[in-house]
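Working notes, structure below.
Numbering (this note's numbering), first residue to last: 58 to 139.
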């Protein structure tokens, strides 16, 4: 599993967040996507790494601008620490 964090410019409201989430889910097979217009960020949890160029292409369709992408391993934590 991988966690991809992006800095996104142009989101101004909760509907913008939903638009970003819908675009990512439509373009890629991901486990979870969250977006925040106040933090200007979007976080993707996916089984496999997604190329930066593919992410930029998908976001470009929405009209928002990604200025930074960070990819790191994602560790799932359970209630009991296993």
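Ideal placement from N, C-alpha and C gives every residue a C-beta, glycine not left out. These figures come from a predicted structure and were not determined experimentally.
| query | result |
| --- | --- |
| Skipping 5 residues on each side, what residues in its chain have a beta carbon closer than 7 Å to that of residue 125? | 63, 64 |
| Using the Cβ count rule (16 or more neighbours within 10 Å means buried), how would you classify residue 142? | This structure gives no information on residue 142, because the portion of the chain shown stretches from 58 to 139. |
| Output the boundary residues of the beta strand (DSSP E) element that contains residue 93. | 89 to 93 |
| Taking the alpha-carbon positions, what's the residue 121 to residue 105 distance? | 24 Å |
| Can you give me the C-alpha to C-alpha distance between residue 86 and residue 60, rounded to a whole angstrom? | 13 Å |
| Would you please state the rounded distance, in angstroms, between the beta carbons of residue 131 and residue 102? I believe it to be under 8 Å. | 6 Å |
| Tell me whether residue 99 sits in a helix, a strand or coil according to DSSP, three-state version. | strand |
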